[in-house]
Amino acid sequence: MSQVIIHFQDQGQDFLRWQVDATGVVTGSWPFQKDVWAGLQITNLTKLKAGDLVHHNRFGEDGSIRYPIKAVIPVAPVEVTVRLDGDGYVTSSIRGFKVSCTHSAEYPVHALARKLFPDHQCQVGQLPCVREGRIDSKWLISPILEGDQHVSDQ
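Quick note on the numbering used here: the sequence shown kicks off at 94 and runs consecutively.
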């Protein structure tokens with residue numbers, strides 16, 4: 094499994110999102126408690142889905158986090174198509190999100206990146222595209238991972 098962001102249901106805890114590497118080790122926690130959770134080994138990462146609890150092993154002891162999962166988001170580049178829609182531009186729908194704008198094809202892609210990867214900066218680049226029909230442009234959203242740069246670390 095590739096790197097993922099685990100979103101927890103908000104029940105008043107100090108963390109809402111974890112960044113987890115491909116081996117199941119927590120590498121980031123937001124908005125707080127990075128030092129508490131960094132290094133935690135998740136034992137059920139490949140089976141996690143919305144509503145599940147995270148099971149872990151820390152210092153040789155098994156345990157679980159009592160806050161249910163809201164979503165597990167893969168941290169991988171996403172290709173987005175922008176099309177002309179009436180007087181503006183609208184992105185393709187990615188994981189249920191899409192964004193529109195009247196003045197620029199690039200702006201809705203940046204706004205979509207903020208929705209797809211909250212708290213993470215993203216690099217947005219335009220891809221080669223043949224304009225046909227209502228297709229205006231294609232873009233690649235690449236999240237910047239922990240260790241590179243993170244919004245809360247600035």
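All C-beta atoms in this analysis are idealised placements derived from N, C-alpha and C, irrespective of residue type, glycine included.
Asked	Found
Opening and closing residue of the alpha helix (DSSP H) in which Val129 lies	127-130
Identified DSSP bridge partners for Ser235	Gln216
Cβ pair Leu220, Lys231 closer than 7 Å	yes
C-beta contact flag for Pro201 and Thr184 at 7 Å	yes
First through last residue of the beta strand (DSSP E) which encompasses Pro221	Note, Pro221: premise wrong, no beta strand (DSSP E); not H, not E.
Beta carbon of Cys215 nearer than 7 Å to that of Ile187	no
Exposure of Asp107, with buried meaning 16 or more beta-carbon neighbours within 10 Å	exposed
Reduced DSSP secondary structure (H/G/I, E/B, other) of Tyr182	strand
Segment limits, alpha helix (DSSP H) that includes Arg207	200-209
Strand pairing of Ser197, partner residues [DSSP]	Paired residues: none, contrary to the question.
DSSP beta-bridge partners of Arg110	His100, Trp123
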